[in-house]
Structures are given as structure tokens and as C-alpha cells.
Amino acid sequence: FHRSVRLLCSAIFMVQMSMYMAIVVYAPALALSQVTGMNLYLIVCLICIVCIFYTTIGGMKAVLWTDALQVVIMYATMLFVVWKGAMDVGGWTYVWQKNQESGRVQYM
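Now the structure itself:
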């Protein structure tokens, strides 16, 4: 690619990643700030420091293992929430019955 195209794409990527990283750091910091009452900016700094040291000391292998563990935890949590919700309203048969009554179950 031409040099100007490479520079433009690099600039767009840097802007996109800057916005992405700001959201990735700010969202958990905001949640933690609401739960603990700590200063939001202090938590943002702590999250950045922990991530930098974790990646530096553990390397990419530690990051990959953490990502894999997070995927397992997220799917397990999602399945638990669906199961718990079904049990709270009366069980799977009740959920299935209500879906059939409202026309949400369609067979091919």
C-alpha cells in the first residue's frame, strides 16, 4: 500500500484503540467505584497499573490463560442466570408453556 494509506490506517487504528481502551478501563472502574465508594480516578490508575504489571511479569501466556478462564466464567454465569430465571418462574415446563401460548415457539 502507498505510504499515505498506511499512515491514515495507522492513525485511524490509534484513535479507535484509544477510545476502546478508555471504555475497557473506565467501565469496570466505574462499577468498582460505585460498589466501594473509592475515587474513580484512583481506581482507573490502579486498574492500569495492575494490567501493566500483570502483562509485563506474566507475559502473553498469562494473558491468554486469563482470557480463557474469563470465557469459561462468562458462559457458566450466563447458563446459571438462564437456569435460575427458569427455576424462579416455575421451571422449564412453565417457561416452555408460556412461550407456546404467546406464539414464540415455531416449528419448521
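So for the sequence shown, the working numbering puts the first residue at 1; every next one is plus one.
Every residue gets a Cβ at the ideal spot worked out from N, C-alpha and C, and that includes glycine.
Per-residue burial, residue i [other beta carbons within 10 Å of its own, 16 or more giving buried]
i       : result
Ala-31  : exposed
Ala-27  : exposed
Ala-113 : Look at the range of the chain in this structure, 1 to 108, and you will see that residue 113 is not part of it.
Pair within 8 Å by beta-carbon distance, residue i and residue j
i      : j      : result
Thr-55 : Val-44 : no
Val-95 : Val-89 : yes
Ile-47 : Val-72 : no
Open item on the list: I want to know whether the segment 60 to 67 touches the segment 76 to 96 - three or more CB-CB distances under 8 Å.
Closed with: no
- [ ] Enumerate, from N- to C-terminal direction, the unbroken beta strand (DSSP E) stretches of 3 or more residues contained entirely within the segment 7 to 38.
- [x] none
Task: Every unbroken alpha helix (DSSP H) within the segment 63 to 88, with a cutoff of 4 residues, ordered by chain - done: none
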